[in-house]
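Visitor: Let me begin by handing over the structure; questions about it come next.
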Amino acid sequence: MRSPPGRLMLVAGFDWSFISENRDELLAGLGRTLLVSSIAVAGAFVVGLVLGAARAYRIPVVSQLAAAYVEIIRNTPILVQIFFLFFGLPQVGILLDGFTVACLALVVWGGAFNTENFRAGFEAVPHRFREAGAALGFGRFGTFLNVSLPIGGRIALPPSINTYISVVKNSSLLYVIAYPELTTTALNINALTLQTVETFTTLAVTYLVVVWTLSGLIRLLESHLALPEPS
Amino acid sequence: MPDWFEPTARYMAEEGLKGTLRIAAFALVGSTLIGIVLGTLLTVRYRPTRSLIRLYIEIWRGLPILVTIFIIFFALPAVSAQLEFDPFTAAAIGLTLWGSAQVAEATRGAVESIPREQHEAAAALGFGWVGRHAYVILPQALRRLLPPLVSLLVNIIQNTTIAQVIGAAELLETAERSVERLTAPPPIGPAEVHAFEIYAGVMAVFFLISFPLTRLAAYLERRLV
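Residue numbers (numbering that gives the first Met the number 0), protein chains in the order written: chain A, 0 to 230; chain B, 0 to 224.
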């Protein structure tokens with residue numbers, strides 16, 4: 000591509016055909032990023048909800064195990080966790096393929112952070128609300144389902160949404176196990192085309208569009224689900 | 000202790016842990032300084048600076064740190080030969096960009112939480128904008144900033160592992176090199192697989208560093224707010 004001298008190289012030298020030439024591959028990579036992220040977000044939601052409730056209501060044994068799980072995951076880097084799952088476990092006979100490690104690592108990581116989010120949410124539900132639930136004839140589980148979950152879940156919503164966005168961003172770390180998500184795909188394209196500026200600009204813009212769209216959508220959902228008044 | 004353990008542990012401690020702490024220290028200082036300045040400026044009601052700082056924050060918070068580090072390490076040298084950094088510097092810059100965005104956001108909240116009367120009282124004493132913030136507002140805001148700064152330190156230390164991807168000799172990279180060397184056949188290594196123990200060990204080291212710090216952050220949060 001002829002770039003006129005004396006102009007800003009980034010603007011004039013940007014080879015726009017890069018995008019059309021590599022569109023299919025990039026979209027496939029983006030698709031895998033979104034696929035793994037959605038599985039991980041769903042998994043992290045379930046893990047966080049169950050273990051968060053177990054922590055908040057001090058269910059014996061489960062609560063202590065959940066506490067240990069949360070501390071271990073939150074205090075070790077996710078990249079080392081991925082290395083451990085993918086390169087460490089085969090030594091003891093547990094061989095997992097890239098996709099499994101990808102989902103597992105993100106669910107385990109997101110689940111730990113979400114357990115804390117939901118625990119804090121459930122603990123923020125005033126005690127008198129649960130007493131009111133009991134007075135209405137609900138059992139322990141009924142009270143949880145009808146009183147604590149709708150209120151505590153909504154208190155836990157903003158922090159858990161930040162966790163989900165982090166899960167999406169952390170999926171880029173799957174590059175180290177060569178799982179072909181967006182970042183891996185982009186680096187492969189870069190290795191073939193050597194169009195470094197184009198590759199990384201496209202990569203960065205794609206991530207920003209995904210993350211900004213998600214946080215925009217989520218803010219919308221948040222205002223929709225917000226508690227009518229502070230309890 | 001088995002034969003392989005001692006030299007591997009020494010290499011990882013002397014080379015790897017030192018590298019990890021070096022990147023973390025640089026990133027912590029850089030993020031705090033840039034973040035506090037940007038965060039304070041963000042409270043000024045002047046549209047152009049506000050939108051510029053907002054953009055800075057949203058970009059570096061929105062990008063995965065790995066992508067930021069890739070851009071610095073691979074894309075910048077393609078733009079200009081002067082922008083070529085070694086892996087350590089590239090990782091430290093990437094973490095600083097991300098960390099300063101976090102600190103800026105936290106500083107804005109902390110500065111805005113200081114009552115308006117404090118600004119007015121300082122102005123009445125004859126302080127200009129800079130003096131008002133340097134001597135009156137920021138010292139008070141810093142108290143509220145302490146817990147998020149400790150959490151940031153934990154996150155920075157954990158995220159230094161991302162430097163492994165571009166080959167900076169931090170803890171995870173030295174671990175990976177050790178695993179590879181031990182797996183190699185006799186002239187180079189003993190042809191043994193120790194990936195499980197080594198990566199578990201790396202997790203343990205990070206846990207021992209992070210756990211007291213997260214406890215400290217939680218304690219400060221309870222004490223200071």
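Note that beta-carbon positions come from the ideal geometry of N, C-alpha and C, so glycine has one too.
(1) Measure the beta-carbon distance from leucine 41 of chain B to arginine 115 of chain B and round it to whole angstroms, keeping in mind my assumption that it falls under 8 Å.
(2) Nearest to valine 107 of chain A by CA position, among A:Phe137, A:Glu70, A:Thr183 and A:Val210, is which residue?
(3) If we count Cβ pairs, one from each stretch, closer than 8 Å, do we get three or more for the region 157-175 of chain B versus the region 72-80 of chain A?
(4) Return the CA-CA distance between serine 38 of chain B and glycine 215 of chain A, expressed in angstroms with no decimal places.
(5) Compare the C-beta of asparagine 161 of chain A against all C-beta atoms of chain B and say whether one is closer than 7 Å.
(6) Identify which residue in A:Leu173, A:Pro158, A:Gln63 and A:Val45 has its Cα closest to the Cα of alanine 119 of chain A.
(7) What alpha helix (DSSP H) runs, 4 residues minimum, are completely inside the region 118-174 of chain B?
(8) Between which two residues does the alpha helix (DSSP H) harbouring tryptophan 108 of chain A extend?
(9) If you compare alpha carbons, which of A:Ser62, A:Gly87 and A:Ala66 is closest to valine 201 of chain B?
(10) Between arginine 22 of chain A and histidine 193 of chain B, what straight-line distance do the alpha-carbon atoms span, to the nearest angstrom?
(11) Glutamate 115 of chain A: which of A:Asn161, A:Val204 and A:Thr212 sits nearest, CA to CA?
(12) Does asparagine 74 of chain A come out as helix, strand or coil in the three-state DSSP assignment?
(13) Measuring CB atoms only, is the region 92-104 of chain A touching the region 123-135 of chain A, in the sense that at least three cross pairs come out at less than 8 Å?
(14) Please list the terminal residues of the continuous alpha helix (DSSP H) segment that includes aspartate 23 of chain A.
(15) Are glycine 110 of chain A and glycine 47 of chain A closer than 7 Å when you measure CB to CB?
(16) With respect to the alpha helix (DSSP H) encompassing histidine 126 of chain A, which residues constitute its N-terminal and C-terminal limits?
(17) Output yes or no for whether 7 Å exceeds the beta carbon distance between threonine 31 of chain B and valine 102 of chain B.
(18) What does the alpha-carbon distance come out to for the pair proline 86 of chain B and alanine 190 of chain A?
(19) Exposed or buried, tyrosine 45 of chain B, counting other C-beta atoms within 10 Å across all chains shown (16 or more means buried)?
(20) At a Cβ threshold of 7 Å, is leucine 216 of chain A touching chain B?
(21) Would you kindly work out how many angstroms separate the C-alpha atoms of glycine 125 of chain B and valine 149 of chain B, rounded to a whole number?
(22) How about isoleucine 113 of chain B and alanine 140 of chain B: do their beta carbons lie closer than 7 Å?
(23) In whole angstroms, what is the alpha-carbon distance linking alanine 261 of chain B and isoleucine 68 of chain B?
(24) Is the number of C-beta pairs between the region 172-185 of chain B and the region 12-19 of chain B that are closer than 8 Å three or more?
(25) Throw me the rounded Cβ distance for the alanine 52 of chain A and phenylalanine 121 of chain A pair, which I believe falls under 8 Å.
(26) Please name the residue in A:Thr200, A:Leu220, A:Ile217 and A:Leu94 whose C-alpha comes closest to that of phenylalanine 17 of chain A.
(27) Quick one: list the residues of chain A neighbouring leucine 65 of chain B, beta-carbon separation under 8 Å, in chain order.
(28) Under the rule that 16 or more other beta-carbon atoms within 10 Å means buried, what is valine 78 of chain B, buried or exposed?
(29) Which value, in whole angstroms, describes the spacing of the CA atoms of phenylalanine 211 of chain A and serine 171 of chain A?
(30) Taking 7 Å as the CB-CB limit, is asparagine 21 of chain A close to chain B?
(31) From what residue to what residue does the alpha helix (DSSP H) around isoleucine 52 of chain B run?
(32) As a quick exercise: from B:Leu27, B:His118 and B:Ile187, pick the residue whose alpha carbon is nearest that of valine 43 of chain B.
(33) Helix or strand or just coil, what does DSSP make of phenylalanine 13 of chain A?
(34) According to the Cβ coordinates, are isoleucine 22 of chain B and alanine 123 of chain B closer than 7 Å?
(35) The alpha helix (DSSP H) spanning glutamine 101 of chain B covers which residue range?
(36) Give every residue of the same chain whose Cβ lies closer than 6 Å to the Cβ of glutamate 191 of chain B, excluding the five residues on either side of it in the sequence, and list them in chain order.
Guide: On the basis of the data shown:
(1) Reading the second sequence from its first residue, position 42 is the one you call residue 41 of chain B. Reading the second sequence from its first residue, position 116 is the one you call residue 115 of chain B. Going by Cβ atoms, the distance from leucine 41 of chain B to arginine 115 of chain B rounds to 17 Å, so no, they are not a contact pair.
(2) To locate residue 107 of chain A, count along the first sequence from 1; it is residue 108. Minimum Cα distance to valine 107 of chain A is reached at A:Glu70.
(3) yes
(4) Start at 1 with the first residue of the second sequence, and residue 38 of chain B comes out as number 39. Start at 1 with the first residue of the first sequence, and residue 215 of chain A comes out as number 216. As written in the sequence, residue 38 of chain B is glycine, which differs from the serine given in the question. Across the structure, glycine 38 of chain B and glycine 215 of chain A are spaced so that their CA atoms are roughly 22 Å apart.
(5) For the purposes of this step, residue 161 of chain A is identified with residue 162 of the first sequence, where counting begins at 1. Closer than 7 Å: no.
(6) Here the question's residue 119 of chain A lines up with position 120 in the first sequence. With distances taken between CA atoms, alanine 119 of chain A lies nearest to A:Pro158 out of A:Leu173, A:Pro158, A:Gln63 and A:Val45.
(7) Within the region 118-174 of chain B, the complete alpha helix (DSSP H) runs of at least 4 residues are 137-158.
(8) The count along the first sequence starts at 1 and reaches residue 108 of chain A at position 109. 97-122 is the extent of the alpha helix (DSSP H) around tryptophan 108 of chain A.
(9) As a first step, residue 201 of chain B is located in the second sequence; it is residue number 202 there, counting from the start. It is A:Gly87.
(10) Numbered from 1 along the first sequence, position 23 holds the residue referred to as residue 22 of chain A. Numbered from 1 along the second sequence, position 194 holds the residue referred to as residue 193 of chain B. Each residue's Cα considered, the two are about 41 Å apart.
(11) Here residue 115 of chain A corresponds to residue number 116 of the first sequence, with the count starting at 1. Nearest option by C-alpha distance: A:Asn161.
(12) Counted from its first residue, the first sequence places residue 74 of chain A at position 75. Here asparagine 74 of chain A sits in coil by DSSP.
(13) no
(14) Residue 23 of chain A sits at position 24 when you count from the first residue of the first sequence. Start and end: 22-55.
(15) Position 111 of the first sequence, counted from the first residue, corresponds to residue 110 of chain A. Position 48 of the first sequence, counted from the first residue, corresponds to residue 47 of chain A. Against a cut-off of 7 Å, the Cβ pair of glycine 47 of chain A and glycine 110 of chain A comes out as a contact.
(16) By one-based count along the first sequence, residue 126 of chain A stands at place 127. According to the DSSP assignment, histidine 126 of chain A belongs to the alpha helix (DSSP H) that extends over 126-134.
(17) For the purposes of this step, residue 31 of chain B is taken as residue 32 along the second sequence, with counting starting at 1. For the purposes of this step, residue 102 of chain B is taken as residue 103 along the second sequence, with counting starting at 1. Against a cut-off of 7 Å, the Cβ pair of valine 102 of chain B and threonine 31 of chain B comes out as a contact.
(18) Here residue 86 of chain B refers to the residue found at position 87 of the second sequence. Here residue 190 of chain A refers to the residue found at position 191 of the first sequence. Distance between the alpha carbons of proline 86 of chain B and alanine 190 of chain A: 19 Å.
(19) For the purposes of this step, residue 45 of chain B is taken as the residue at position 46 of the second sequence. So tyrosine 45 of chain B counts as exposed.
(20) Numbered from its first residue, the first sequence carries residue 216 of chain A at position 217. Chain B, which has no Cβ nearer than 7 Å to the Cβ of leucine 216 of chain A, makes this no.
(21) To locate residue 125 of chain B, count along the second sequence from 1; it is residue 126. To locate residue 149 of chain B, count along the second sequence from 1; it is residue 150. About 34 Å.
(22) On the second sequence, position 114 is the one that residue 113 of chain B refers to. On the second sequence, position 141 is the one that residue 140 of chain B refers to. In contact: isoleucine 113 of chain B and alanine 140 of chain B (Cβ atoms closer than 7 Å).
(23) Given a span of 0 to 224 for chain B in the structure shown, any question on residue 261 of chain B remains unanswerable.
(24) yes
(25) Position 53 of the first sequence, counted from the start, is the residue given in the question as residue 52 of chain A. Position 122 of the first sequence, counted from the start, is the residue given in the question as residue 121 of chain A. Rounded, the Cβ-Cβ distance is 6 Å, consistent with contact.
(26) For the purposes of this step, residue 17 of chain A is taken as the residue at position 18 of the first sequence. Out of A:Thr200, A:Leu220, A:Ile217 and A:Leu94, A:Thr200 has the C-alpha closest to the C-alpha of phenylalanine 17 of chain A.
(27) For the purposes of this step, residue 65 of chain B is identified with residue 66 of the second sequence, where counting begins at 1. Ordered by position in chain A, the residues that pass the 8 Å Cβ test against leucine 65 of chain B are Ser171, Leu172, Tyr174 and Thr182.
(28) One-based indexing of the second sequence puts residue 78 of chain B at position 79. Flag for valine 78 of chain B reads exposed.
(29) Numbered from 1 along the first sequence, position 212 holds the residue referred to as residue 211 of chain A. Numbered from 1 along the first sequence, position 172 holds the residue referred to as residue 171 of chain A. First, the amino acid is wrong: residue 211 of chain A is tryptophan here, not phenylalanine. Their backbone Cα atoms lie some 16 Å apart in a straight line.
(30) Within the first sequence, residue 21 of chain A is the residue found at index 22, counting from 1. So no, asparagine 21 of chain A is outside the interface.
(31) Within the second sequence, the letter at position 53 stands for residue 52 of chain B. Taken as a continuous stretch (DSSP letters only), the alpha helix (DSSP H) holding isoleucine 52 of chain B covers 46-61.
(32) Numbered from its first residue, the second sequence carries residue 43 of chain B at position 44. Answer by Cα proximity: B:His118.
(33) One-based indexing of the first sequence puts residue 13 of chain A at position 14. Coil at phenylalanine 13 of chain A, not helix or strand.
(34) Along the second sequence, one-based indexing puts residue 22 of chain B at 23. Along the second sequence, one-based indexing puts residue 123 of chain B at 124. One thing to note: isoleucine 22 of chain B has its Cβ no nearer than 7 Å to the Cβ of alanine 123 of chain B.
(35) To locate residue 101 of chain B, count along the second sequence from 1; it is residue 102. Taken as a continuous stretch (DSSP letters only), the alpha helix (DSSP H) holding glutamine 101 of chain B covers 86-111.
(36) Reading the second sequence from its first residue, position 192 is the one you call residue 191 of chain B. Closer than 6 Å at Cβ, skipping near neighbours: Leu181.
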